[in-house]
Each structure stands twice: as structure tokens, then as C-alpha cells.
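**Student:** Okay, here's the structure, questions in a sec.
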Amino acid sequence: MPCLGPVPRSFYDRDTIDVAHDLLGAFLVHDVAGEVRVGKIVEVEAYLGELDLAAHSSRGLTQRTRILFGPPGFAYVYLIYGMYFCMNVVTEREGNACAVLLRALEPVRNLRDRSQGPGLLCRAMGIDLRHNGHDLESPDFFIAPRDENEAHQVVARPRIGVAYSGIWAAKPLRFYLEGNRYISRK
DNA sequence: GGAACGATTGCT
DNA sequence: GCAATCGTTCCC
């Protein structure tokens, strides 16, 4: 069971790949009208800022990406293909537009719908555009730290759906818990 | 103003 | 393999 309470902002104010690793096994917690939904993060992807051609921030500062360019510890949520939402956590110092995409959860509490894949994750957790820019240092929507006593192995693979991004497409920036049944794909 | 496209998903 | 579906980006 997760120990309740958000990780401190300093957790997000670090190298993005380190944050991505430490998010694996952590708990995403969202209070939806009194129902507290909890999932264990089992798959993530790192997006490394303006130089990363797969990252939204590679287009520079726009109305959509302003959250990415802001301080760490905030949610960046966007609409994809007109019908799903994707949630990221903003990392690194303000102006360094890095983030980690949450791709799959293992259900822990009150997760009735499938949450493997970024679109399904947001649907199951009740996350939508209202949560764009949400401060994750808040009691109703946050990430709680993983249990350090539980050992796990991390697998690194190329990211999903970014074939257009040149050399960035092949970089092993997708991370998941080895052997976990809730990862979105092999 | 408008065309092209996307960090997805599910159905054929 | 391909359609659904719409906001963002970029070009005219």
C-alpha cells in the first residue's frame, strides 16, 4: 500500500531520466468526487526538452507547451487524436522543458477500467484537460513515493509512436518494470 | 483561412 | 490495415 502524501517538489527538480526511473513503482493518487483512485506507475517515457525532436517542447514556447516550460512538479495534460488525454509530470528547473509521460498503471484501488497505455490511464484515473497545469503538491491529485524495500528491475526501450523524430526515435527513453503484466506493450 | 498531423486505441 | 475525431501548428 502507498504511504499517503505527495513526493516533494525537489523530487521533480532533477535529471529527467532519474525522475523517470524513480517514478516506476510510485503511486498516482486522484480523488474523484470523494473516490480516491490509486494506481502504481509501471511504465513511463522521458522527454528531454527542446533538443528532443519527439518532445512537444521542441516546437518552442507556445500556448500549449507553456506548462512544460514552467517549474517542476506540475501536470502537463494534452488531447491526442481528438479523443484521448495523455499526462506528463514536468521535471527539471523552470525553462528547461522536460517531462515524463505516464504510460501505464497497475490498479491498486478504485481503478475499474484498464489503465495500460497513456490514453487509457487518463480515462481510468479521471484525468482530462482540467488537470493541465495542476500542482502535484496538492492533496487531491499527487504522486506518492514507491516502497524502497520492494526490489524491481527496470527495462529501457525506444519510445512508442515517435518514429518521426530522427535519431531521437531510437534512444532508450521508455522505461518499465520487468515482467509486470500491466505494461502497454512488449 | 485552411491543411496536415498527432507521445492512441479498437475494430476489420 | 485503418478509421475515429479535434486541437495545435504551420503555411498561405
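Numbered according to the numbering used here, the first sequence spans residues 1049 to 1234.
All residues carry an ideal CB built from backbone N, CA and C; glycine is no exception.
Please read these numbers as outputs of a predicted model, since none were measured by experiment.
(1) Could you tell me whether the Cβ atoms of H1069 and V1202 are closer together than 8 angstroms?
(2) For A1218, collect the residues of the same chain with a Cβ closer than 7 angstroms to its Cβ; drop the 5 residues on either side in sequence, then sort them by chain order.
(3) When you compare only the Cα positions, how much space is there between R1062 and L1150?
(4) Starting from the C-beta of F1190, find all residues in its chain whose C-beta is less than 7 angstroms away, skip the five residues before and the five after it, and write them out in chain order.
(5) Classify Q1164: buried if its beta carbon has 16 or more other beta carbons within 10 angstroms, exposed otherwise.
(6) Under 8 angstroms between the Cβ atoms of V1138 and I1175?
(7) Would you list the residues sitting across from L1225 in a DSSP beta bridge?
(8) Closest to L1109 by C-alpha separation, out of G1167, E1098, R1141, would be which residue?
(9) Where DSSP assigns a beta bridge to L1150, which residues make up the other side?
(10) Within this structure, are the beta carbons of A1147 and L1169 separated by less than 8 angstroms?
**Tutor:** Result, derived from the coordinates:
(1) Looking up residue 1069 in the first sequence gives position 21. Looking up residue 1202 in the first sequence gives position 154. In contact: H1069 and V1202 (Cβ atoms closer than 8 angstroms).
(2) Position 170 of the first sequence, counted from the start, is the residue given in the question as residue 1218. These residues qualify, in order along the chain: P1206.
(3) Reading the first sequence from its first residue, position 14 is the one you call residue 1062. Reading the first sequence from its first residue, position 102 is the one you call residue 1150. Going by the C-alpha atoms only, they are around 17 angstroms apart.
(4) Taking the first residue of the first sequence as position 1, residue 1190 is located at position 142. Result list for F1190: P1054, V1077, L1184, in chain order.
(5) Locating residue 1164 in the first sequence gives position 116, counting from the first residue. Q1164 should be labelled buried.
(6) Indexing the first sequence from 1 puts residue 1138 at position 90. Indexing the first sequence from 1 puts residue 1175 at position 127. The answer is no: Cβ separation not under 8 angstroms.
(7) Looking up residue 1225 in the first sequence gives position 177. BP columns for L1225 point to V1202.
(8) Taking the first residue of the first sequence as 1, we reach residue 1109 at position 61. Here the closest residue by C-alpha is E1098.
(9) As a first step, residue 1150 must be located in the first sequence, where it is residue number 102. Answer is V1092.
(10) In the first sequence, the residue the question calls residue 1147 occupies position 99. In the first sequence, the residue the question calls residue 1169 occupies position 121. In this structure, L1169 does not lie closer than 8 angstroms to A1147 by Cβ.
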